[in-house]
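Residues 9 to 166 in our numbering are what the sequence shown spells out, letter by letter.
Positions of the beta carbon are idealized from the N, C-alpha and C atoms, including for glycine.
Inspection log for the structure reproduced underneath, given as structure tokens.
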Amino acid sequence: NIYRGISYKSCNFVRIINNTISNTSTEGVYNDIQTYSDGFGLSKNINIENNVINITGKNGIFLNSSNMFRIVGNIVNKSNNDNLGGALRGAIYANSSDYGRIENNMCFGEFQNFIVRLQSVNNSNVFNNSGNSTIRLDGTNNNTKKTFYDIDESGNVI
């Protein structure tokens with residue numbers, strides 16, 4: 009059984025707002041890549057806001073190859089619940105994307121490896137997220153910032 013909550017591929021103007029997604033075996037929200045003969049089809053203008061995502065087997069939100077994205081005000085609970093090992097998995101993961109904001113999300117789970125992870129993400133900002141893990145910026149440029157007010161479950165700035 010491989011189920012995702014919401015999955016889309018190479019779209020423009022995506023709005024995923026005010027949903028409850030529970031018990032998925034992979035991701036709660038997943039941006040898939042459409043491969044064309046002349047390259048990848050990027051998703052653009054993505055807004056993922058005010059959703060509740062409970063119990064995912066892998067990442068809560070996985071954004072891949074996107075430009076101009078907002079992930080704001082979501083609650084992600086028990087991401088990476090299958091805890092299969094190998095890849096790092098957690099609440100919010102963005103890969104190969106540009107011009108984004110990840111703000112005001114609450115992310116909790118026993119097995120998550122991160123609250124937010126940006127890998128090869130440029131010109132983006134992570135601000136005021138909370139949960140019981142870390143914020144990771146892997147392979148990002150100097151215009152991608154983790155700003156203050158990201159806190160762990162004990163109230164410590166991370």
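In terms of Cβ geometry, residue 74 and residue 54 form a close pair [threshold 8 angstroms]. Looking at the DSSP output, residue 57 bridges to 25, 80. When DSSP reads this structure, residue 106 sits in a beta bridge with 75, 130. Cβ contact annotation for residue 130 (same chain, cutoff 7 angstroms, sequence separation greater than five): 106, 148, 149, 151, 152, in chain order. With 16 or more other Cβ atoms inside 10 Å of its own Cβ, residue 82 counts as buried. Around the beta carbon of residue 118, fewer than 16 other beta carbons sit within 10 angstroms, so the residue counts as exposed.
Under DSSP, the beta-bridge partners assigned to residue 42 are 49. Residue environment analysis places residue 23 among the exposed positions, since fewer than 16 neighbouring C-beta atoms fall within 10 angstroms of its C-beta. Note that the C-beta distance between residue 63 and residue 88 is not below 8 angstroms.
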